[in-house]
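Read in order, the letters of the sequence shown correspond to residues 10 to 173 in this note's numbering.
Every residue gets a Cβ at the ideal spot worked out from N, C-alpha and C, and that includes glycine.
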Amino acid sequence: MKNIPYLFASALLMWALPVFTQPAAGILPETFLLYKSFPSKYIAPRTVEVWLPDKYEELEALPVLYMFGGAACFSTHWPPLDGVFLEYIKTNLPDPATHKIYFDFGTEGLDAEYEPFQQIADEAMQARGFKKNKNWVTMKFEGAKHYEEDWHARFHVPMEFLLR
10 MKNIPYLFAS ALLMWALPVF TQPAAGILPE TFLLYKSFPS KYIAPRTVEV WLPDKYEELE
70 ALPVLYMFGG AACFSTHWPP LDGVFLEYIK TNLPDPATHK IYFDFGTEGL DAEYEPFQQI
130 ADEAMQARGF KKNKNWVTMK FEGAKHYEED WHARFHVPME FLLR
């Protein structure tokens with residue numbers, strides 16, 4: 010099995026919350042070590058060890074996207090901060106030649122608010138040179154909510170996209 014892109018999105022916190030420890034003495038003292046495991050029927054259970062920048066917040070996806078070349082963003086919560094993050098990604102998306110990004114959202118509950126924001130993100134993806142269904146996918150799941158059981162039910166979808 011080839012190295013898989015490290016998937017980092019709030020949806021994946023249901024499998025294992027990160028445990029931060031101090032790095033080994035003398036090795037990048039300004040960083041933390043993140044241990045994250047993914048028990049899933051689609052991936053053999055394993056631990057991924059990643060050095061993350063100082064003051065890294067566990068829900069920040071961009072550093073991980075840059076490091077691993079791929080991200081699965083389940084029910085991306087775009088609305089906070091009046092779209093500031095959407096403005097940020099317009100000029101800070103990684104190279105589409107070396108990265109793959111998966112987005113999705115449902116149509117019920119909190120997710121029902123996401124589609125107009127996702128359309129803005131999709132425009133940014135196209136403007137940056139990402140090609141739909143090649144190195145970027147956005148999927149809408151009718152009846153799905155912003156809920157870990159719904160994310161788990163469709164976990165195979167981004168896995169299949171990111172691993173092809």
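Restricted to the region 92-135, the alpha helix (DSSP H) segments that are unbroken, complete and at least 4 residues in length are 93-101, listed in chain order. A residue is called buried once 16 or more other Cβ atoms fall within 10 Å of its Cβ, and Asn101, having fewer, is exposed. Apart from sequence neighbours up to five positions away, the residues of its chain that approach Pro167 with a beta-carbon distance below 6 Å are Ala81 and Tyr111, ordered along the chain.
Residue burial annotation: Gly79 is buried, with at least 16 other C-beta atoms found within 10 angstroms of its C-beta. Under the Cβ criterion (8 Å, minimum of three pairs), the region 137-150 counts as touching the region 92-109. For Ala80, the pairing in a beta bridge is given by DSSP as Ile110. The three-state secondary structure of Trp87, taken from DSSP, is coil. Taking 8 Å as the upper bound for CB-CB distance, Lys154 and Asp120 are in contact here, some 6 Å apart. Collapsing the DSSP output to three states places Phe139 in coil.
Taking 8 Å as the cut-off, the Cβ atoms of Gly92 and Phe139 do not count as close. A Cβ-Cβ separation of about 10 Å leaves Phe170 out of contact with Asp113 under the 8 Å criterion. For Phe83, the closest C-alpha among the options Trp160, His165 and Met134 is that of Trp160. Look at Phe150 here: in three-state DSSP terms it is strand.
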